[in-house]
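FYI, in the numbering used here the residues of the sequence shown are 53 to 891. Using N, Cα and C, we set each Cβ at its ideal position, and we do this for glycine too. Here's the structure we're looking at; comments come further down.
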Amino acid sequence: VEAAIPEPQRAAWIKHTPKPFSTPEEFEKDAIRHIETTLARSMYNCDELAAYSGTALAFRDRLIMSWNQTQQQHTFADQKRVYYLSLEFLMGRALDNAMLNVGQKDVAAKGLADLGFRIEDIINQEHDAALGNGGLGRLAACFLDSLASLDFPAWGYGLRYRYGIFKQEIIDGYQVEVPDYWLDFNPWEFPRHDVAVDIQFYGHVNRYQNDEGKTVSQWEGGEIVRAVAYDVPVPGYGTETTNNLRLWSSKAASGEFDFQKFNSGEYESSVADQQRAETISAVLYPNDNLDRGKELRLKQQYFWCAASLHDIVRRFKKGGHAWKDFPNQVAIQLNDTHPTLAIPELQRILVDVEGLEWDEAWIIVHKTFSYTNHTVLPEALEKWSVPLMQLLLPRHLQIIYDINLQFLQFVERTFPKEREVLSRVSIIEESQPKMVRMAYLAVIGSHKVNGVAELHSDLIKTTIFQDFVKIYGPDKFTNVTNGITPRRWLHQANPRLSALIASKLGSYDFLKDLTQLNKVENFVQDQEFRKEWREIKLANKARLAKHIKDTTGLEVDPKALFDIQVKRIHEYKRQQLNIFGVIHRWLALKALSPEERKATVPRVFIFGGKAAPGYWMAKTVIHLINQVGKVINADSDVGDLLKVVFVEDYNVSKAEIIVPASDISEHISTAGTEASGTSNMKFVLNGGLIIGTCDGANIEITREIGENNIFLFGNLAEDVEELRHGHLYGNYQLDEGLAKVFDEIRNGRFGDAQAFTALINAIVDHGDYYLVSDDFNSYCKTQELIDEAYKDQEEWLTKSITSVARMGFFSSDRCIEEYAETIWNLEPQKPKESAALDA
Ligand code: TH1
């Protein structure tokens, strides 16, 4: 149909299609035109923000062209697409990424210099798109980058929060949350007011006979909220493919507010309706690895799932295929259980709206969905109360009960003698009130379930999904180890290292095939190469030192050993172990003789990360880190030998400065608690070594880079349960070194001791669930090994280079290819020349 455009129009269109810039002059022309016309500013008031805006708009024009073309081509090709449903997309900044992915950063740098600007300053004007909490949201962003770079036809679907993750300020050592209003000027999104879906809540279910005498269910009444699409282009690296991320925004279905109510004098309530609708997409829930069961969160989940599925089904229907072809056209990946309502929603659409039989609908649903589990922490496993679901989504609750009935009948037939298994695997937990177990629904409604690192994927099979492995067999459960995009986390964050590697390998091809990094190992004895490698690390540390000086006033020496732990603050991630270790080190330092001090490697401990606003223990850890820093940094007795910094407001753009600057980074979760971790990969890819537990992806990193290149410590996952059990039955002896640390805290050495009693009591009185004491000695000993190892700078450098050379496996490209092949059955769609498309 689209090919049938008559010739004169077609020729005009092709003739006048804007050509993207390719020289600094052409870039300047586009940027200035945007500053003058789109922004209505002039040469005389073009500040850095205006220059950023003009640059962003010039690049945006380029992206739009390839974006339109990609979407057009994918529509013509009529092949299978994957839809990645995630409540979080932690995208960070877009401009630098866009410049690098289209390969025009040098052109822009030159053009901006002509206009009197430094490109770094311009890049720094951009606000992060921070629609996520941590690893899960950043993983989704890395996946979008890989999907586009590998030319897969893929869409992301998420929510357009008005407020992303809060901005963190540290005031008097305490975390203070400030709202993150990021939409003031956002050139990267396109409102699609014509793409709107009305979403229903509440109401009731009617059953009646249709014309064919069949009993059908209909969800009626209740409230309507409108979902409006906002599209964000996602450019691939070194390809014309630009995919789409569609974010839904909520507004009142009546458009503005209810004029009838308004006219009849109910002013407040008419405005209240509007505000209630807009509240749905107003704010990201700031909890990482925690489910709090709030009604508004359930509303967000349904709103986003229903809008996305409506969109997907509409696109499928335009293709004119039979329903049974749906799974051949559509793969839907569920990023954790947050989008699990998409399963009963698709079943509802197929049965209630499209009139399919239950069984044929269920086959389609089951073939379409797959589910990624990201955590085994019990407090993070989503459950929704049955009364709440009954109220908000009455038809979906019925469908869930029907899915459950069929499933339990199947289990009963398969295991007739094991009746207790039925209550264990039921989607409905028989508690007071009853709860819907979303992970079970996700497993039952999907054809594949994957964990995110080997250990984690093994663990889910023996713990939370043990019964399901027996029921479905082991093949339903698989592993896809996480990865990171080397474009942002090497090329963009560490351009000098990327350039050095490219100079030796002869091209930047390794950015699209990271396994080529193995050739770096050939240069490990090349003296010139080693010297540059060392210089680059030092320069990256100096850049971070400058950031620390600018933001905290503290001076740190770039020659010191930089020891970094940046991630969400959580008891299981054990920042408390780190800061107790720092206190232990400080006490040991003070006991050293002057000669011994001379032989000591100076260290800077750098922390960063947000605590969920309601997570008191995590906030206490932040407070302790800051109090310890205050005391130690002012202690002239240890001077430069020890410094402690807390970097405020850790986010994606700060990570791009912090990650390339580590000598050591810490990934020290209690074994068996961190599903994968992804910053571990980022740090090693940038030539930092790591100290870590045998947890998550640390294990596979060790296998790839070699045991000699990583500092592992602590108890193993297989022993954790027994240790915990022992603690609860009196089998508990506080580590001696840790006891001394606690004495100092209790003596008020770091301010009001009362402030930290909960932190100490969790270990001393409440069973030390995260095994801080059990691992303390092993942790401190390993830190001493690191001190020794760092003294041999040549050997350290060899470890750094060797590790980077062996990190090829951890590209998100490898990861996405595994999903495409083993889970989605998806083929890439290579971009055609625009002429070929026009022909
Ligand atoms: C994280 C995991 O904790 C981390 O180990 C993993 O590398 C990452 O996901 C990506 O796979 C998770 N983040 C969340 C956030 C929420 C709920 C569960 C998890 S698991 C809100």
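**Prompt:** Based on Cα-Cα distance, which residue from Q327, M441 and F378 lies nearest to E347?
**Reply:** Within the sequence shown, numbered from 1, the residue matching residue 347 stands at position 295. Cα-wise, what sits closest to E347 is M441.
**Asked** Does the segment 754 to 764 touch the segment 588 to 598, meaning 3 or more C-beta pairs lie closer than 8 Å?
**Response** no
**Message:** Just to confirm my understanding: we take A891, look at its own chain, exclude 5 residues before and 5 after, and list those with CB closer than 8 Å. What are they?
**Reply:** Position 839 of the sequence shown, counting from 1, holds the residue named residue 891. Confidence at A891 is low in this model, with a pLDDT of 38, below 50, so the placement of that residue is unreliable and no value is reported for it.
**Request:** Using only alpha-carbon positions, find the residue among W300, N387 and K528 that is nearest to K419.
**Result:** Counting from one through the sequence shown, the residue named residue 419 turns up at place 367. The residue with the shortest Cα to Cα distance from K419 is K528.
**Request:** Please indicate yes or no: does the CB of L350 lie closer than 7 Å to some heavy atom of ligand 1?
**Result:** Along the sequence shown, read from residue 1 onward, the residue named residue 350 stands at position 298. Incorrect: L350 has no Cβ contact closer than 7 Å to ligand 1.
**Asked** Hey, F735 and S714: beta-carbon distance below 8 Å or not?
**Response** Looking up residue 735 in the sequence shown gives position 683. Looking up residue 714 in the sequence shown gives position 662. Yes, they are a contact pair.
**Request:** Go ahead and label D236 buried or exposed: buried means 16 or more other beta carbons lie within 10 angstroms of its beta carbon, across all protein chains shown.
**Result:** Working through the sequence shown from its first residue, we reach residue 236 at position 184. Exposed: under 16 other Cβ atoms inside 10 Å.
**Message:** Could you tell me the alpha carbon to alpha carbon distance between G748 and G660, rounded to whole angstroms?
**Reply:** Numbered from 1 along the sequence shown, position 696 holds the residue referred to as residue 748. Numbered from 1 along the sequence shown, position 608 holds the residue referred to as residue 660. If you take the alpha carbons of G748 and G660, they lie about 21 Å apart.
**Prompt:** Looking at C-alpha atoms only, which residue of I496, L474 and V477 is the closest neighbour of S422?
**Reply:** Taking the first residue of the sequence shown as position 1, residue 422 is located at position 370. When each option's Cα is compared against that of S422, the closest is I496.
**Request:** Enumerate in chain order the residues of its own chain whose CB-to-CB distance from F802 is below 6 Å, with the five nearest sequence positions on each side excluded.
**Result:** The sequence position of residue 802 within the sequence shown is 750, counting from 1. So the list reads Q679, V680 and V683, once near-sequence residues are dropped.
**Item:** Selected residue, minimal CA-CA separation from L854, among K571, Q617, S333 and L361
**Value:** Translated into the one-based positions of the sequence shown, residue 854 becomes position 802. Sequence check: residue 854 is Thr here, not Leu. Of K571, Q617, S333 and L361, the residue nearest in Cα terms is K571.
**Message:** Under 8 Å, with one C-beta from each stretch per pair, do the segment 407 to 418 and the segment 483 to 491 reach the 3-pair mark?
**Reply:** no
**Prompt:** Cα separation between Y821 and E275?
**Reply:** Taking the first residue of the sequence shown as position 1, residue 821 is located at position 769. Taking the first residue of the sequence shown as position 1, residue 275 is located at position 223. When rounded, the distance between both Cα atoms is 45 Å.
**Message:** So the candidates are F218, Q450, W240 and P239; which of them puts its Cα closest to the Cα of V230?
**Reply:** Here residue 230 is taken as the residue at index 178 of the sequence shown, counted from 1. It is F218.
**Prompt:** Taking DSSP as the reference, what is the three-state secondary structure of A181?
**Reply:** Counting from one through the sequence shown, the residue named residue 181 turns up at place 129. It is a strand residue.
**Request:** Could you check which residue in V618, E870 and G288 has the C-alpha nearest to that of S721?
**Result:** As a working note, residue 721 is residue 669 in the sequence shown. The shortest Cα separation from S721 among V618, E870 and G288 belongs to V618.
**Asked** Touching or not, the segment 385 to 395 and the segment 265 to 283, by the rule of three or more beta carbon pairs under 8 Å?
**Response** no
**Request:** Would you mind listing the beta strand (DSSP E) stretches within the segment 236 to 282 that are 3+ residues and don't spill past its ends, in chain order?
**Result:** 242 to 253, 256 to 261 and 267 to 272
**Prompt:** Alpha carbon to alpha carbon, what distance is there between E140 and L188?
**Reply:** Within the sequence shown, the letter at position 136 stands for residue 188. Within the sequence shown, the letter at position 88 stands for residue 140. Looking at the two C-alpha atoms, the distance is approximately 7 Å.
**Request:** Give a single yes or no on whether G345 has its beta carbon closer than 7 Å to a heavy atom of ligand 1.
**Result:** Position 293 of the sequence shown, counting from 1, holds the residue named residue 345. G345 Cβ: outside cutoff for every heavy atom of ligand 1.
**Asked** In terms of residues, what are the limits of the beta strand (DSSP E) holding N296?
**Response** Mapped onto the sequence shown, residue 296 falls at position 244. Residues T294 to A304.
**Asked** How many Å lie between S198 and Y453 at the Cα?
**Response** The residue you call residue 198 lines up with position 146 of the sequence shown. The residue you call residue 453 lines up with position 401 of the sequence shown. Those two C-alpha atoms are separated by around 38 Å.
**Request:** Compare the Cα-Cα distances from Y871 to each of P883, I384, A63 and A643 and report the closest residue.
**Result:** Sequence index remark: in the sequence shown, residue 871 carries index 819 (1-based). Cα-wise, what sits closest to Y871 is I384.
**Message:** For E434, report the span of its beta strand (DSSP E) as first-last.
**Reply:** Taking the sequence shown and counting its residues from 1, the one referred to as residue 434 is at position 382. From DSSP, E434 is part of no beta strand (DSSP E); its letter is neither H nor E.
**Asked** So V403 packs on L511, CB below 8 Å; how close in whole Å?
**Response** Position 351 of the sequence shown, counted from the first residue, corresponds to residue 403. Position 459 of the sequence shown, counted from the first residue, corresponds to residue 511. So it is not a contact: roughly 36 Å between Cβ atoms.
**Prompt:** Near S105, which residues of its chain fall below 6 Å by C-beta distance, leaving aside the five closest residues on each side in sequence?
**Reply:** Numbered from its first residue, the sequence shown carries residue 105 at position 53. Only L91 meet the Cβ criterion.
**Message:** Is H426 a contact residue of ligand 1, with contact defined as CB to any heavy atom under 7 Å?
**Reply:** Counting from 1 along the sequence shown, the entry for residue 426 is found at position 374. Answer for H426: yes, Cβ within range of ligand 1.
**Asked** Can you tell me the Cα-Cα spacing of D17 and N546, whole angstroms?
**Response** Within the shown structure, residues of the chain are numbered from 53 to 891, placing residue 17 beyond reach of any answer.
**Asked** Excluding the five sequence neighbours on either side, which residues of its own chain have a C-beta within less than 8 Å of the C-beta of Q568, listed in chain order?
**Response** As a working note, residue 568 is residue 516 in the sequence shown. Excluding positions up to five away in sequence, the list reads L557, D561, F562 and G860.
**Item:** Continuous beta strand (DSSP E) stretch holding K219: start and end
**Value:** Indexing the sequence shown from 1 puts residue 219 at position 167. For K219, the enclosing beta strand (DSSP E) begins and ends at K219 to I223.
**Message:** Following a CB-centred definition, is E726 positioned closer than 7 Å to any heavy atom of ligand 1?
**Reply:** Residue mapping note: residue 726 aligns to position 674 of the sequence shown, counting from 1. E726 Cβ: within cutoff of ligand 1.
**Prompt:** From this set, L137, S138 and F73, which residue's C-alpha is nearest M117's C-alpha?
**Reply:** Your numbering for residue 117 matches position 65 in the sequence shown. Cα-wise, what sits closest to M117 is F73.
**Request:** Would you mind working out which of I658, Q544 and V365 sits nearest I600, comparing C-alpha positions?
**Result:** Residue mapping note: residue 600 aligns to position 548 of the sequence shown, counting from 1. Considering only alpha carbons, the answer is I658.
**Message:** Using only CA atoms, which one of K266, S306 and V473 lies nearest to D250?
**Reply:** Counting from one through the sequence shown, the residue named residue 250 turns up at place 198. It is S306.
**Request:** Within the segment 576 to 655, note down every full beta strand (DSSP E) run reaching 3 residues or more, in order along the chain.
**Result:** 613 to 618
**Item:** Separation of P287 from W585, as counted between CA atoms
**Value:** Translated into the one-based positions of the sequence shown, residue 585 becomes position 533. Translated into the one-based positions of the sequence shown, residue 287 becomes position 235. Each residue's Cα considered, the two are about 30 Å apart.
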